[in-house]
Amino acid sequence: MAEITSTITQSHSSQPKLNTSSQVTMVSHHNADPFSASDDDIPTVDYSLLFSDNPVQRFLALENLRQACQEYGFFYLVNHTIPDEVLDSILKGFSDFFDPKTIDERKVFRKSGPSDKIRWDLNSSAGENREYLKVIAHPQFHAPSKPSGIRKILEEYHKAMRNIVAGLAGAVSTTLGFEEKYIEKELNLKSGFDVMAMNLYPPNSRSKGVIGIPEHTDPGFVVTLVQDVDGGLQILSHQGNWINVYIPHHAILIQLGDHLEVLTNGKYKSHIHRVIVNKNKVPRISVVTLHGPELDKFISPAVEFVDEEHPQKYHGMTYKESLEANGGDDIDVQSSLEKLKIYV
Ligand SMILES: O=C(O)CCC(=O)C(=O)O
Ligand SMILES: [Fe+2]
Numbered sequence: 001m002a003e004i005t006s007t008i009t010q011s012h013s014s015q016p017k018l019n020t021s022s023q024v025t026m027v028s029h030h031n032a033d034p035f036s037a038s039d040d041d042i043p044t045v046d047y048s049l050l051f052s053d054n055p056v057q058r059f060l061a062l063e064n065l066r067q068a069c070q071e072y073g074f075f076y077l078v079n080h081t082i083p084d085e086v087l088d089s090i091l092k093g094f095s096d097f098f099d100p101k102t103i104d105e106r107k108v109f110r111k112s113g114p115s116d117k118i119r120w121d122l123n124s125s126a127g128e129n130r131e132y133l134k135v136i137a138h139p140q141f142h143a144p145s146k147p148s149g150i151r152k153i154l155e156e157y158h159k160a161m162r163n164i165v166a167g168l169a170g171a172v173s174t175t176l177g178f179e180e181k182y183i184e185k186e187l188n189l190k191s192g193f194d195v196m197a198m199n200l201y202p203p204n205s206r207s208k209g210v211i212g213i214p215e216h217t218d219p220g221f222v223v224t225l226v227q228d229v230d231g232g233l234q235i236l237s238h239q240g241n242w243i244n245v246y247i248p249h250h251a252i253l254i255q256l257g258d259h260l261e262v263l264t265n266g267k268y269k270s271h272i273h274r275v276i277v278n279k280n281k282v283p284r285i286s287v288v289t290l291h292g293p294e295l296d297k298f299i300s301p302a303v304e305f306v307d308e309e310h311p312q313k314y315h316g317m318t319y320k321e322s323l324e325a326n327g328g329d330d331i332d333v334q335s336s337l338e339k340l341k342i343y344v
């Protein structure tokens with residue numbers, strides 16, 4: 001792609017003047033990578049300090065969480081209480097699950113209808129390059145039974161992650177100035193609808209294009225993500241620049257979901273992200289959980305976030321309606337944030 005740039009020259013008057021004739025220069029962008037991203041910092045939140053008995057420590061940790069939610073919308077969670085072995089075993093478990101030799105066994109989970117509880121697919125095209133398994137993990141837990149042990153590993157991981165998310169809901173409520181149970185009640189997280197996606201991205205040598213998963217935001221309260229190796233997850237910041245994600249070993253990436261954005265009338269936002277696979281030498285596995293509200297819960301901006309200065313920015317919908325608003329079904333959870341937004 002080439003771009004014409006004009007040069008600004010100083011004329012005799014003190015006003016700058018646009019020179020459109022002889023000094024027009026051609027700037028070539030043939031080598032510009034449209035998927036490049038910066039290595040800007042992503043905030044880190046210490047989970048254990050959010051519950052510290054030391055009031056000063058707790059206050060500072062909550063303030064750090066508030067800034068991470070308001071100024072970024074995504075952060076690394078450390079000291080989070082999930083044992084390293086639980087994280088290692090889910091990543092190892094899915095590395096075994098995605099064994100290329102057993103691909104035919106996974107095909108039984110190909111889409112069979114809108115009420116699938118487990119779904120598998122393999123996309124290998126210019127627009128998306130990943131193999132994935134999705135399961136509905138809450139309120140009822142579903143999992144494949146092979147390879148042996150995978151169900152137990154998945155269940156243990158999901159249970160531990162739900163505990164963390166319940167703690168985060170309390171802490172995030174506090175940062176918004178509410179009592180700890182606020183988000184839990186507004187979204188009815190106890191009966192929340194959780195979907196897990198285990199993704200396998202190919203190395204660049206086996207990819208049909210640069211995109212692992214195209215740009216999107218995710219519905220729900222928060223998304224939790226763990227991975228085996230760094231490689232290609234990028235998030236679009238508030239400022240509009242793409243940032244590479246490098247998750248510290250055994251940390252969890254937290255991304256705020258669309259329905260926290262709706263509930264807070266845009267104070268805490270979800271962020272567009274994508275996965276780019278063109279630099280990966282090895283395959284990459286991620287385990288992503290969308291922790292959602294109860295399906296029948298109607299979610300709209302809470303009155304506390306709406307006033308003359310902050311008019312209502314989103315329509316209300318039940319969680320189920322919003323998942324289906326873009327033609328997705330329950331397990332194929334699709335963001336419908338654009339449909340929820342009120343444009344004035
Ligand atoms: O695998 C990743 O890094 C991101 C996956 C993702 O965004 C998703 O499954 O919603
Ligand atoms: Fe996502």
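According to full-length UniProt numbering, the stretch in the sequence shown is residues 1 to 344, in order. Backbone N, C-alpha and C fix where the C-beta goes; we use that ideal spot for every residue, glycine too. Source: prediction; values computed, not measured.
query                                                                                                                    : result
Element boundaries [beta strand (DSSP E), containing R58]                                                                : Careful: R58 lies outside any beta strand (DSSP E), inside the alpha helix (DSSP H) at 55-67.
Secondary structure of H332, DSSP reduced to three states                                                                : First, the residue type needs correcting, since residue 332 is Asp and not His in the sequence shown. DSSP places D332 in coil when its eight states are reduced to three.
CA nearest to the CA of T81, picked from L49, K107, V172                                                                 : L49
Cut-off 7 Å between Cβ atoms - residues of its own chain near T174, not counting five sequence neighbours on either side : L62, E180
Contact test: V277 Cβ vs ligand 1 heavy atom, cutoff 6 Å                                                                 : no
Whether H291 touches V165 by CB criterion (7 Å)                                                                          : yes
Any 3 or more C-beta pairs closer than 8 Å across the stretch 109-116 and the stretch 277-288                            : no
Closer than 6 Å: F194 CB and nearest ligand 1 heavy atom                                                                 : The amino acid occupying residue 194 in the given sequence is Asp; Phe does not appear at that position. Answer for D194: no, Cβ out of range of ligand 1.
Spatial distance of F74 from A68 (CA atoms)                                                                              : 7 Å
Coarse secondary structure for R151, derived from DSSP in three states                                                   : helix
Opposing strand residues paired with R284 [DSSP bridges]                                                                 : Y201
Counterpart residues of S38 in DSSP-defined beta bridges                                                                 : I243
Local conformation of E184 per DSSP, three classes                                                                       : helix
6 Å Cβ shell around Q334 - same chain, five flanking residues per side excluded                                          : N326, G328
Cβ-Cβ separation, V222 to L168 (assumed contact under 8 Å), whole Å                                                      : 6 Å
Other residues of its chain near S38: CB distance less than 8 Å, five sequence neighbours each side excluded             : N241, W242, I243, N244
Close beta carbons around G94, own chain, < 6 Å, minus the five adjacent residues each side                              : Reading off the sequence, residue 94 comes out as Phe, not Gly. Hits under 6 Å: M198, I285.
Any 3 or more C-beta pairs closer than 8 Å across the stretch 254-271 and the stretch 188-207                            : no
Cβ separation of V56 and A137, assumed to be a contact under 8 Å, to the nearest whole Å                                 : Actually they do not touch by this definition, with Cβ atoms about 37 Å apart.
Complete runs of the alpha helix (DSSP H) confined to the stretch 290-316 [at least 4 residues]                          : none
Buried versus exposed call for V24 [16 or more other C-beta atoms within 10 Å across all chains shown]                   : The predicted position of V24 is uncertain, since its pLDDT is 42 and thus under 50; no value can be drawn from it.
Segment contact, 8 Å Cβ cut-off, at least three pairs: the stretch 147-155 with the stretch 274-282                      : no
Of the listed residues K281, P311, D258, nearest to P293 (C-alpha basis)                                                 : D258
Secondary structure, beta strand (DSSP E): runs of 3+ residues fully inside the stretch 74-123                           : 74-78
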